[in-house]
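Numbering (our numbering), first residue to last: 54 to 1035.
What follows is the structure in structure tokens.
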């Protein structure tokens, strides 16, 4: 059996979930072809109980008897679990498993049911107690056979996306693997079950409504739902409906990139005729359309029936919209040329027309906001809620971040004459009986637009946004979106902003910091038409906005991109447009996406939407949702004040290093602090050359506290998050220098942490990088040796002189951190080429640090051990390479063979040296590019190594272990060896 997919992970997933063609042969003659499933996903009981002889089962199934035939390879296991003590190790292990699945995973029998005592049935609670261990929840909730097999088959997608390098023009295709979260898994299964019931004989054709808060993966849930429904409902036709073209495109792209799970290619209806053609098929198909295409032909009150099949499912995105109604309305019939009213006609809601076209279809809705109490249409079309996933649970799960609200109302100065004219205009509107309610509403909107778009107000608005956004960018590099009331205001605001920042403007679509996303016609005039964008141009701008590294940082919109537009790095939304209800909640949710260590999103209100937010919250809570759509920025400021006080208190605690510092430093070191405190405030008045010394002293103080390093890093991280959310509040600006100092100390503590990548900590550094740069100027820490007060060695980092210098440092805690960092880096460098030696050295280092952490060794003792033992072993290893006259690769194979001490005693160093050279030559000569995943190539290499060991009399009792170690070592050097082979 062979997997021929382009993407390794996607191919492996397909291999496990799709039927695989198995061919049996008699001699050279083909006997027949059969299709089998590697994993029987529909029968979880198949994997529970005794270990099964899977090979025998397959043989009997395919041939009908127990005759011998070509051996099948099967996956060892679906889930691989290991405990690793660093992110770096976990990432590397994952990479190894992916690149080696052809050898490591498709090899032996399935060991089924051996750990079934850890699994629960499907009826366990969906949300575990917060007091339960996370690993236990994972094992019990996800790893029972039925759930696991369901996840493997129906809840994994591989999304492909194209990214073009704007400098080179090269297009890269990236594949991203996505696994359903628990809320998606349970909601989709409930929705499928409800749909099957509704579509059955006697069913009510109402599949229900899935309400999952914005940003929690609603679009992907719709993909999972469709993929599972395709297998459950006798090859159904699925119709996906949105109410805007841009939303139709966005959702279609999501489905189109998940073809493997859907097992077919979705199609987008071009127009009404194309839609009719697509829906007249006998079965199957996934069709995308806007709801407006269900309008009947001119002069007709009903839509033509397209199909009376019962296995048609209509999925409505944002199901609460007012368009999904049945009610009749009396509308004017106008002449096409003169536009004069020539009569009346009856029109209905789109729900009625959809029922005309597909009378027996089942309808299900997905929404990011709840159904309003006054909305009778949505339940009438779709039914009641199937599943709810609200803001509170989404934030608690880390699926979204909190949204904070800041009011910055832009004042409009109207003179007395202006006020009088507006009052007169209002009075005329009310008294004119010939004006309809619709005309009054338009007139009121036009008046408001004129006030909001006042030239002086727009100028003030531009200045405030530029200042505010630059302050936000200084503490967290991300993106912002401005929502304008009209296209005219959007263009005027853009022009005012680029007056203030000319360098932000660029006529080139692929360049510039700020853009306007809108459409315009020739009737709008040249100024507005200049900002017109086509569908293709908006796609380019969308890709730029979604790329965190792209220089485009700000976008001005009116209606576009306020729903269904995901930009995780978007952290600030500037609202200068009246909005309410669903529209408001969907708009503010643009900033709630998870991105790196983004602590939250900020909504800045320039028009007084606070009362509308409260109303939105009221109906949100009445619908059963928990959690505020937006919290005031004052809460973030309160958190900032609380956390900065916690960090300050750490400098008042007594440190173990106090006496040593008092000897080495003047009494002013502690200033007027209580006897045991550390006066860090000297930093703000110190000369530039003294600042680095104060940071070093502060670090030494923290390292001398009980669990000081971890406590300090944790609290400063929380402080930084609150600071990002609070800026540019005046209380945040007042403490920015203190935050910068604390962050600088934390940056050093993180930098000296050995093992792992420290990603989450390092990412926070970027959150306030400009504040630190401003506070520390050119004195910021760049080189770890200069920072530690140690001269960087010119020859060897592990020379005896250099190590003695570290041992003699006054700040012993700092010396230990530096030494751990140096040794860890040196060992990891060697581990990339020498498996055995790297593992042994790393174990020595980790054992010593563990003893130190457990209090079995003092700081001085562990430094002594690291210098005298670990560093010495590293130097000895480097000297052996010269002594044995071996290359780096040959020495790696020598160590692999010499791991067997009896082999060293029997053969001696010289013979092992000769074997290592010959093994290295054979591995290099036979290591083609794909040898690590081709079983035949591996088998050939294994035979060559075994013959070489036998030839020189390597002890047979240890040969297999030696061969395994040699092959693992060869894998480590695979890229280097395969470079010259094909």
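Virtual Cβ for every residue (Gly too), placed ideally from N, Cα, C. Predicted model only: the values in this text are computed from it and were never measured.
Only buried fits residue 545, as 16 or more other CB atoms lie within 10 angstroms of its CB. Boundaries of the alpha helix (DSSP H) around residue 521: 508-528. For residue 571, the secondary structure class from DSSP, reduced to helix, strand or coil, is strand. Counting along the chain, the unbroken alpha helix (DSSP H) around residue 962 starts and ends at 954-979. Assignment of beta-bridge partners to residue 212 by DSSP yields 229. Annotation: the continuous beta strand (DSSP E) that includes residue 610 extends over 607-610. Annotation for residue 623: the continuous beta strand (DSSP E) segment containing it runs 623-629. Around the C-beta of residue 752, 16 or more other C-beta atoms lie within 10 Å, and the residue is accordingly described as buried.
Residue 948 and residue 1008 have their C-alpha atoms spaced approximately 16 Å apart. Put simply, the region 568-577 touches the region 604-624. At least three CB pairs are less than 8 Å apart. Only buried fits residue 272, as 16 or more other CB atoms lie within 10 angstroms of its CB. Here the C-alpha atom of residue 945 lies approximately 16 Å from the C-alpha atom of residue 1014. Residue 322 and residue 315 do not touch by the CB rule: their CB atoms are close to 17 Å apart, not below 8 Å. When C-alpha distances from residue 632 are compared across 658, 609, 623 and 645, the shortest belongs to 658.
Between the C-alpha atoms of residue 422 and residue 444 there is a straight-line separation of about 10 Å. Looking at the DSSP output, residue 646 bridges to 453. Bounds of any beta strand (DSSP E) do not take in residue 277; it lies within the alpha helix (DSSP H) bounded by 271-285. Contact check for residue 506 and residue 550: beta-carbon distance about 15 Å, past the 8 Å limit, so the pair fails to qualify. Shown here for residue 737: same chain residues with a beta carbon closer than 7 Å to its own, the five before and five after excluded, namely 790 in chain order. With fewer than 16 other Cβ atoms from the protein chains shown falling within 10 Å of its own Cβ, residue 318 counts as exposed. In this structure, residue 970 lies away from residue 1002, with their beta-carbon atoms at least 8 Å apart. According to the DSSP assignment, residue 403 belongs to the alpha helix (DSSP H) that extends over 403-410.
The region 575-587 makes no contact with the region 531-538: fewer than 3 CB pairs, one atom from each, lie closer than 8 Å. By the criterion of a C-beta distance shorter than 8 Å, residue 904 is surrounded in its chain by 910 and 915, once the five residues flanking it on both sides are discounted.
Residue 254 and residue 350 have their C-alpha atoms roughly 32 Å apart. For residue 545, no beta strand (DSSP E) run applies; the uninterrupted alpha helix (DSSP H) run containing it begins and ends at 540-553, by DSSP. Contact annotation: residue 788 and residue 697 have beta-carbon atoms nearer than 8 Å.
Taking the Cβ atoms as the reference, residue 780 lies roughly 6 Å from residue 525, within the contact range of under 8 Å. Counting along the chain, the unbroken beta strand (DSSP E) around residue 536 starts and ends at 532-537.
Distance from the Cα of residue 276 is smallest, within the candidate group 646, 232 and 963, for 232. Annotation: the continuous beta strand (DSSP E) that includes residue 440 extends over 438-442. Secondary structure at residue 264: strand, using DSSP grouped into helix, strand and coil. Counting C-beta pairs closer than 8 Å gives fewer than three between the region 276-296 and the region 450-461, which falls short of the contact rule. Relative to residue 247, the option among 234, 436, 413 and 213 whose CA is nearest is 436.
Short of 7 Å from the beta carbon of residue 1011, and not among the five residues preceding or following it, lie these beta carbons of its own chain, in chain order: 953, 955 and 956.
When the Cα atoms are used, residue 744 and residue 932 turn out to be separated by approximately 42 Å.
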